[in-house]
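Engineer: Sharing a structure here in structure tokens format.
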Amino acid sequence: MSERDGVAVDLTGLHRSYGGVPALDGLDLHVQAGEFVSLLGPSGCGKTTALRILAGLETADEGQVRVGGKDLTQVPANRRDMGMVFQAYSLFPHLTALDNVAFGLRLRKVSTSDRRRQAGEVLELVGLGSQAGKYPHQMSGGQQQRVALARALAIRPQVLLLDEPLSALDAKVRVQLREEIRRLQTELGITTLFVTHDQEEALAISDRVGVMSQGRLEQLDSPATVYQRPATPFVAEFVGVTNSFSGTVDGAGVLLPGGVRLPAAVVQGLPDRSPVRVLVRPDALHLRAGDGVLRGSVVTHSFLGPVTRLSVKLAEADLPVRVDLPSERAHEFPVASQVGLDVEPTAALLARS
């Protein structure tokens, strides 16, 4: 299968409501040519609606869809040159893997010999060349989803759209297939929009991640930036695990209940005594024996492989916080031990209460 240049995708000012309830509220999204962008967010945030409008399967109430500089807003789905893979495999049960992959080519009036050759090539590309003669019921879920992916790629689309394509698979197969999707996308250079509610999936394979809430983009950045420097409290709390402290601005820091003062590098512009929440990742809290800015006792250990997550009940605020540390150090802080915690000031995000 030959490579092709990717095309840029622009969604501008998209609005879409269902029964008066907005699903998209002025969504703006730019995907660069050949880029892999994931839309991440909770159910009902509008990510699938945006994908379906781009595909031409739904119509926006307002806004514009441009692909490769061309306005496709009013162009029907069958003329948009897009490949789409859904959560459900949607394979024809009476057709072999080869014939399923060739189906889109047949609709495009490709000759029998050419479509069988092209379908065979793309099956080889997804590692299923030896399964060409099998029917869907003779294949595993992961193999069926590879056939669905091959069918989308066989038409050599300008844009590849993936709507929760891995959510019906078990964990090990999901990891294998998401890596395969990324490899193919990189190799072929196809502009790809991937919709998922799984943050690990989005962070692992995307060039950029767009976090959505209530029909709008909260942040669109590289996976590392979204995780390490969330633009809003919603992003901080949705992506990864976040500890939340209530307090008030006090000079260059935040005063917590109990008189404990946290250093925070982002209080500029907030007046003293403003009520705020401090959001801190578990890996930005550092444990040590003895006193720290915060004090507490270890309640539980959760082994997560290379990292162990400790739940620590704070003495000052009488609330638990989660702290990540390398698993080889977990024995230093057994359950019920008294510990001190320090906070990385630059890792704390403030949100007005």
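Numbering (my numbering), first residue to last: 12 to 364.
Glycine is no exception: its CB is placed at the ideal position from the N, C-alpha and C atoms.
1) Counting pairs of beta carbons, one from the segment 352–362 and one from the segment 293–300, are three or more of them closer than 8 Å?
2) Please return the same chain residues whose Cβ sits closer than 8 Å to the Cβ of residue 110, not counting the five positions on each side in sequence.
3) Where does residue 14 fall in DSSP's three states?
4) Mind checking residue 335: buried by the 16 CB within 10 Å criterion, or exposed?
5) Could you tell me whether the Cβ atoms of residue 47 and residue 216 are closer together than 8 Å?
6) Please report the straight-line C-alpha distance between residue 254 and residue 40, rounded to a whole angstrom.
7) In angstroms, rounded to a whole number, what distance separates the CA positions of residue 168 and residue 343?
8) Spell out the partners DSSP gives residue 95 in its beta bridges.
9) Whole angstroms is fine: what's the gap from residue 112's alpha carbon to residue 20's?
10) Please name the residue, chosen from 32, 17, 36 and 191, that lies closest to residue 26 on a Cα-to-Cα basis.
11) If you draw a straight line from the C-alpha of residue 307 to the C-alpha of residue 345, how long is it?
12) Taking one C-beta from the segment 84–97 and one from the segment 255–272 each time, how about it: are there three or more such pairs within less than 8 Å?
13) Count the other C-beta atoms from every protein chain shown that fall within 10 angstroms of the C-beta of residue 241, then say buried if there are 16 or more, exposed otherwise.
14) What residue from 206, 233, 139 and 224 has the CA that sits closest to residue 218's CA?
15) Would you check if the segment 146–161 and the segment 180–191 touch, i.e. whether three or more CB-CB distances between them fall below 8 Å?
16) Tell whether a beta-carbon distance below 8 Å holds between residue 247 and residue 290.
17) If we define contact as Cβ-Cβ less than 8 Å, is residue 343 a contact residue for chain B?
18) Any idea what DSSP makes of residue 246, helix, strand or coil?
19) Using the C-alpha atoms, what's the distance from residue 196 back to residue 18?
20) May I ask you to list the residues that DSSP assigns as paired with residue 73?
21) Starting from the C-beta of residue 24, find all residues in its chain whose C-beta is less than 8 Å away, skip the five residues before and the five after it, and write them out in chain order.
22) What residue range is occupied by the uninterrupted beta strand (DSSP E) comprising residue 90?
23) Should residue 125 be labelled buried (16 or more other beta-carbon atoms within 10 Å of its own) or exposed?
24) Name the two residues that bound the continuous beta strand (DSSP E) containing residue 207.
25) For residue 314, count neighbouring C-beta atoms within 10 Å of its own C-beta (all shown protein chains included) and say buried if the count is 16 or more, exposed if not.
26) I'd like to know whether the C-beta atoms of residue 206 and residue 222 end up nearer to each other than 8 Å.
27) Should residue 120 go down as buried or exposed, given a rule of 16 or more other Cβ atoms within 10 Å for buried?
28) According to DSSP, is residue 59 helix, strand or coil?
29) Taking residue 101 as the reference, give the member of 78, 146, 210 and 272 with the closest Cα.
30) CA-CA distance, residue 13 and residue 59?
31) Measuring straight from C-alpha to C-alpha, what distance separates residue 164 and residue 52?
32) Tell me where the beta strand (DSSP E) around residue 316 begins and ends.
33) To the nearest angstrom, how far is it from the Cα of residue 55 to the Cα of residue 225?
34) Assign residue 302 to one of three DSSP states: helix, strand, or coil.
Structural biologist: Well, looking at it:
1) Enough Cβ pairs lie closer than 8 Å, so yes.
2) Once the five neighbours on either side are set aside, the close Cβ partners of residue 110 are 103 and 130.
3) With a pLDDT of 49 at residue 14, under the threshold of 50, the modelled position of this residue cannot be trusted, and the question is left open.
4) Taking all protein chains shown into account, residue 335 has 16 or more neighbouring C-beta atoms within 10 Å of its C-beta and is therefore buried.
5) A contact, by the Cβ cut-off of 8 Å.
6) The straight-line gap from Cα to Cα measures roughly 30 Å.
7) Their Cα atoms are separated by approximately 55 Å.
8) Residue 95 is bridged to 172.
9) Just so you know, the alpha carbons of residue 112 and residue 20 end up roughly 26 Å apart.
10) Residue nearest to residue 26 within the set 32, 17, 36 and 191 is 36 (criterion: CA-CA distance).
11) Distance from the CA atom of residue 307 to the CA atom of residue 345, rounded to whole angstroms, is 13 Å.
12) No, the segment 84–97 is not in contact with the segment 255–272.
13) With 16 or more Cβ atoms within 10 Å of its Cβ, residue 241 is classed as buried.
14) Here the closest residue by C-alpha is 233.
15) Contact holds: three or more Cβ-Cβ distances are below 8 Å.
16) Yes, the pair counts as a contact, with Cβ atoms nearer than the cut-off.
17) The displayed structure is made up of one protein chain only, and chain B is not part of it.
18) Note: residue 246 maps to helix in three-state DSSP.
19) Spanning the two alpha carbons is a distance of roughly 13 Å.
20) Answer is 26.
21) Excluding residues within five positions, the ones whose Cβ falls inside 8 Å are 37, 38, 39, 73, 74 and 75.
22) Element bounds for residue 90: n/a, residue is neither H nor E.
23) Looking at its Cβ environment, which holds fewer than 16 other Cβ atoms inside 10 Å, residue 125 is exposed.
24) Following the DSSP letters along the chain, one finds residue 207 inside the beta strand (DSSP E) bounded by residues 202–207.
25) By the neighbour-count criterion, in which a residue is buried when 16 or more other Cβ atoms sit within 10 angstroms of its Cβ, residue 314 is exposed.
26) No, the pair does not count as a contact, with Cβ atoms beyond the cut-off.
27) Residue 120 comes out exposed.
28) Helix, per DSSP.
29) The closest CA to that of residue 101, considering only 78, 146, 210 and 272, is found on 146.
30) Low confidence applies here, because residue 13 scores a pLDDT of 46, under 50, leaving its location unreliable and the question unanswered by this model.
31) Each residue's alpha carbon lies about 26 Å from the other.
32) Per DSSP, residue 316 belongs to no beta strand (DSSP E) and is neither H nor E.
33) Each residue's Cα considered, the two are about 7 Å apart.
34) In the structure shown, residue 302 sits in coil (DSSP, three-state: anything other than H, G, I, E or B).
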